[in-house]
Amino acid sequence: MTGVYVPGDSPLHRLPAGAKLLGLALLCTTLFLLGSPLWLGGSTVLVVLLYAVSGVGPGAAWAQVKPLRWFAVALFVMQFVLVDLHGAVSATLRLVLAVALAGLVTLTTRFADMMACFERCLAPLRLLGVDPFRVSLVLSLAVRSVPVISALATRVREAQQARGLSWSVRAFAVPLVVSVLRHADAMGEAMSARGLDDH
Amino acid sequence: MMQTRPHRRGLRTADLARISVFAALIAVLGLPGALNVFGNTVPITLQTFGVMLAGAILGSWRGALAVAVLILLVAAGLPLLAGGRGGLGVFTGPSVGFLLGWIPGAALTGWIVERGGASPGSVRLLVACLAGGVGVIYLVGIPVQAAVTGLPLGQAALLSLAFVPGDVAKAVIASIVARGTQRAYPAAVPTVHRERVKAG
Numbered sequence: 000m001t002g003v004y005v006p007g008d009s010p011l012h013r014l015p016a017g018a019k020l021l022g023l024a025l026l027c028t029t030l031f032l033l034g035s036p037l038w039l040g041g042s043t044v045l046v047v048l049l050y051a052v053s054g055v056g057p058g059a060a061w062a063q064v065k066p067l068r069w070f071a072v073a074l075f076v077m078q079f080v081l082v083d084l085h086g087a088v089s090a091t092l093r094l095v096l097a098v099a100l101a102g103l104v105t106l107t108t109r110f111a112d113m114m115a116c117f118e119r120c121l122a123p124l125r126l127l128g129v130d131p132f133r134v135s136l137v138l139s140l141a142v143r144s145v146p147v148i149s150a151l152a153t154r155v156r157e158a159q160q161a162r163g164l165s166w167s168v169r170a171f172a173v174p175l176v177v178s179v180l181r182h183a184d185a186m187g188e189a190m191s192a193r194g195l196d197d198h
Numbered sequence: 000m001m002q003t004r005p006h007r008r009g010l011r012t013a014d015l016a017r018i019s020v021f022a023a024l025i026a027v028l029g030l031p032g033a034l035n036v037f038g039n040t041v042p043i044t045l046q047t048f049g050v051m052l053a054g055a056i057l058g059s060w061r062g063a064l065a066v067a068v069l070i071l072l073v074a075a076g077l078p079l080l081a082g083g084r085g086g087l088g089v090f091t092g093p094s095v096g097f098l099l100g101w102i103p104g105a106a107l108t109g110w111i112v113e114r115g116g117a118s119p120g121s122v123r124l125l126v127a128c129l130a131g132g133v134g135v136i137y138l139v140g141i142p143v144q145a146a147v148t149g150l151p152l153g154q155a156a157l158l159s160l161a162f163v164p165g166d167v168a169k170a171v172i173a174s175i176v177a178r179g180t181q182r183a184y185p186a187a188v189p190t191v192h193r194e195r196v197k198a199g
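Sequence lines, in order, name chains Z and V. Numbering-wise, numbering that gives the first Met the number 0 puts 141 at position 142 of the first sequence, and it's gapless, one number per residue. Numbering-wise, numbering that gives the first Met the number 0 puts 137 at position 138 of the second sequence, and it's gapless, one number per residue.
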């Protein structure tokens, strides 16, 4: 699995993940504090410029803000009724810009680089007795398990249809969850047998 | 003379496997086509259903960790939320509180189920799913949405009202499925599993 990363060689792609996260946090805080339409207009230009620099293309940009479209309309209408046009424009714009900026970080950062950054951020948990090796193990095991569980779900659904029970949620979910647990417990035993508990 | 192994604190490997696999299960429940109930007619996402199951079956601590693992993978850029959503955009959007509410939600569901001992009853499971999987998630989600959008709390609550019937239905189904699973596979009860792991 690769995620939604768009390969490229722009300055944004080359920035380290940690720097991009920090920049995102700063920009989002600024967005939240800005009130005047002038500032928000400037921020819109900045976001558009950043997207242009990244070279991810309009399709990828639209995919980031698309899930917001109905919510943005509802929010605009509510703010317009409750406050005024100015309030409605700034609240909606602020939200769309924050989502677009965060999306840009994801679009220009490889999944593996972001994970490595998160794992570095979680390293201080060592002081609380959390083993960084086990954190990485759980995370990579979860990624690897998605296709496995997906295949299990398909198999259970086919069996259910063969028995003519396609209308029943229970007839699907109980066998699925039981086989998921069997799989997990067998994997746990296998890892334990390889001495992972002694690590 | 046999050397006794020092007793390990924290999570065993068996728990790590359960946490990873349940994080993957919640992701799979959001994949299109992975699960279409009622013969394809009602396209509903069952991810919160997965969150409730994680709490009811793994227990509070492990259930919450399974959800946290999924959220971390989503933040790192994998499109594992319903509708193929993923990446950091989710975390600056209006529904981020509902997503983060999954963690304490699974924890409360697990906590209530754990209080039921080796054989938690149907009523307890239903209460656990409703309190953790609906109550806590809305309790975190609505105030965060109000803060992100600048709407008053009441208006933000109004925006989420439409999702309540579906979520209550999911809680009912989750409790029935958890009960069925725990009857078919006793180690699906958090307390029973913990005793077994302790016994080695």
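Heads up, the beta-carbon is just placed ideally off N, CA and C, and yes, glycines get one too.
Do you know whose CA, among Gly29(V), Val73(V), Gly58(V) and Leu158(V), lies nearest alanine 81(V)'s CA?
Taking the first residue of the second sequence as position 1, residue 81(V) is located at position 82. Sorting Gly29(V), Val73(V), Gly58(V) and Leu158(V) by C-alpha distance to the C-alpha of alanine 81(V) places Gly29(V) at the top.
Spatial neighbours of phenylalanine 79(Z) within its chain, please: CB distance less than 7 Å, with the 5 preceding and 5 following residues excluded, ordered by chain position.
As a first step, residue 79(Z) is located in the first sequence; it is residue number 80 there, counting from the start. Excluding sequence neighbours, phenylalanine 79(Z) sits near Ala87.
What is the rounded straight-line gap between the Cα of proline 119(V) and the Cα of valine 126(V)?
Against the second sequence, residue 119(V) aligns to sequence position 120. Against the second sequence, residue 126(V) aligns to sequence position 127. Spanning the two alpha carbons is a distance of roughly 11 Å.
Residue of Leu67(Z), Leu30(Z) and Met113(Z) minimising C-alpha distance to alanine 12(Z):
As a first step, residue 12(Z) must be located in the first sequence, where it is residue number 13. Position check: residue 12(Z) holds histidine in this sequence, whereas alanine was assumed. Selected option, being the one with the closest Cα: Met113(Z).
Report the neighbours of valine 133(V) on chain Z: residues whose CB is nearer than 9 Å to its CB, in chain order.
For the purposes of this step, residue 133(V) is taken as the residue at position 134 of the second sequence. Within 9 Å Cβ-Cβ: nothing; valine 133(V) doesn't reach chain Z, min ~17 Å.
Measure the alpha-carbon distance for phenylalanine 110(Z) versus leucine 21(Z) and round it to whole angstroms.
Looking up residue 110(Z) in the first sequence gives position 111. Looking up residue 21(Z) in the first sequence gives position 22. Near 17 Å, if we compare the C-alpha coordinates of leucine 21(Z) and phenylalanine 110(Z).
Would you check if there are 3 or more beta carbon pairs closer than 8 Å linking the segment 55 to 68 of chain V to the segment 46 to 54 of chain Z?
No, the segment 55 to 68 of chain V does not touch the segment 46 to 54 of chain Z.
Residues bridged to arginine 84(V) [DSSP beta-bridge criterion]:
The count along the second sequence starts at 1 and reaches residue 84(V) at position 85. Per DSSP, the beta bridge partners of arginine 84(V) are Leu80(V).
9 Å Cβ cut-off: residues of chain V touching serine 149(Z)
As a position in the first sequence, residue 149(Z) is number 150, starting the count at 1. In chain order: Ala23, Ala26, Val27, Leu30 and Ala33.
My understanding is that alanine 97(Z) touches threonine 91(V), with C-beta atoms under 8 Å, so please give their C-beta distance in whole angstroms.
In the first sequence, the residue the question calls residue 97(Z) occupies position 98. In the second sequence, the residue the question calls residue 91(V) occupies position 92. Right, the Cβ-Cβ distance comes to about 4 Å (below 8 Å), so this counts as a contact.
Contact list for valine 68(V) against chain Z, beta-carbon separation under 8 Å:
In the second sequence, residue 68(V) corresponds to position 69, counting from 1. Within 8 Å Cβ-Cβ: Val137, Leu138 and Ala141.
Reduced DSSP category for proline 36(Z) - H, G, I as helix; E, B as strand; rest coil:
As a first step, residue 36(Z) must be located in the first sequence, where it is residue number 37. DSSP, read as helix, strand or coil, puts proline 36(Z) in helix.
Contact set for proline 78(V): own chain, Cβ-Cβ below 8 Å, skip 5 residues either direction:
Residue mapping note: residue 78(V) aligns to position 79 of the second sequence, counting from 1. If we look at proline 78(V) and ignore the five residues flanking it on each side, its Cβ neighbours are Arg84, Gly85 and Gly86.
Give the residues of chain Z in contact with arginine 17(V), contact being defined as C-beta atoms less than 8 Å apart.
Numbered from 1 along the second sequence, position 18 holds the residue referred to as residue 17(V). Think of a sphere of 8 Å around the beta carbon of arginine 17(V): the chain Z residues whose beta carbon falls inside it are Leu180, Ala183, Asp184 and Gly187, in chain order.
Check whether the Cβ of tyrosine 137(V) lies closer than 8 Å to any Cβ atom in chain Z.
Residue mapping note: residue 137(V) aligns to position 138 of the second sequence, counting from 1. With 8 Å as the cut-off, tyrosine 137(V) does not count as an interface residue toward chain Z.
So, for histidine 237(V): in the same chain, excluding its five sequence neighbours on each side, which residues have a beta-carbon less than 6 Å away from its beta-carbon?
Outside the shown range of chain V, which is 0 to 199, sits residue 237(V), and nothing can be said about it.
Is the CB of arginine 68(Z) under 8 Å away from at least one CB in chain V?
By one-based count along the first sequence, residue 68(Z) stands at place 69. At a cut-off of 8 Å between C-beta atoms, arginine 68(Z) does not count as an interface residue with respect to chain V.
Please tell me whether valine 52(Z) has its Cβ less than 8 Å away from any Cβ of chain V.
Against the first sequence, residue 52(Z) aligns to sequence position 53. Output row for valine 52(Z): interface = no.
Beta-carbon of phenylalanine 90(V) versus every beta-carbon of chain Z: anything under 8 Å?
Counting from one through the second sequence, the residue named residue 90(V) turns up at place 91. So, interface residue.
Give the residues from the segment 156 to 168 of chain V that approach chain Z closer than 9 Å (Cβ to any Cβ), ordered along the chain.
Per Cβ criterion, the list reads Leu157 and Leu158.
With C-beta atoms as the reference, is valine 135(V) less than 8 Å away from proline 93(V)?
The sequence position of residue 135(V) within the second sequence is 136, counting from 1. The sequence position of residue 93(V) within the second sequence is 94, counting from 1. It is not a contact, given that the beta carbons lie outside the stated cut-off.
If you draw a straight line from the alpha carbon of tryptophan 69(Z) to that of arginine 123(V), how long is it in whole angstroms?
As a working note, residue 69(Z) is residue 70 in the first sequence. As a working note, residue 123(V) is residue 124 in the second sequence. In a straight line, the C-alpha of tryptophan 69(Z) is about 37 Å away from that of arginine 123(V).
Looking at the secondary structure, which residues open and close the alpha helix (DSSP H) in which lysine 197(V) lies?
In the second sequence, the residue the question calls residue 197(V) occupies position 198. Unbroken alpha helix (DSSP H) run through lysine 197(V): 189 to 198.
Any C-beta of chain V under 8 Å from that of alanine 90(Z)
For the purposes of this step, residue 90(Z) is identified with residue 91 of the first sequence, where counting begins at 1. So, interface residue.
What does the alpha-carbon distance come out to for the pair proline 66(Z) and glutamate 194(V)?
Here the question's residue 66(Z) lines up with position 67 in the first sequence. Here the question's residue 194(V) lines up with position 195 in the second sequence. Cα to Cα, proline 66(Z) sits roughly 44 Å from glutamate 194(V).
For arginine 61(V), which residues in chain Z fall below 7 Å Cβ to Cβ?
Numbered from 1 along the second sequence, position 62 holds the residue referred to as residue 61(V). What arginine 61(V) touches in chain Z: nothing, since even the nearest Cβ is about 11 Å away.
Tell me, please, whether the segment 12 to 23 of chain V touches the segment 179 to 196 of chain Z by the rule of three or more beta-carbon pairs shorter than 8 Å.
These segments touch.
Quick one: which chain Z residues come within Cβ less than 7 Å of valine 147(V)?
Position 148 of the second sequence, counted from the start, is the residue given in the question as residue 147(V). Using a Cβ-Cβ cut-off of 7 Å, valine 147(V) is close to Leu94 of chain Z, given in chain order.
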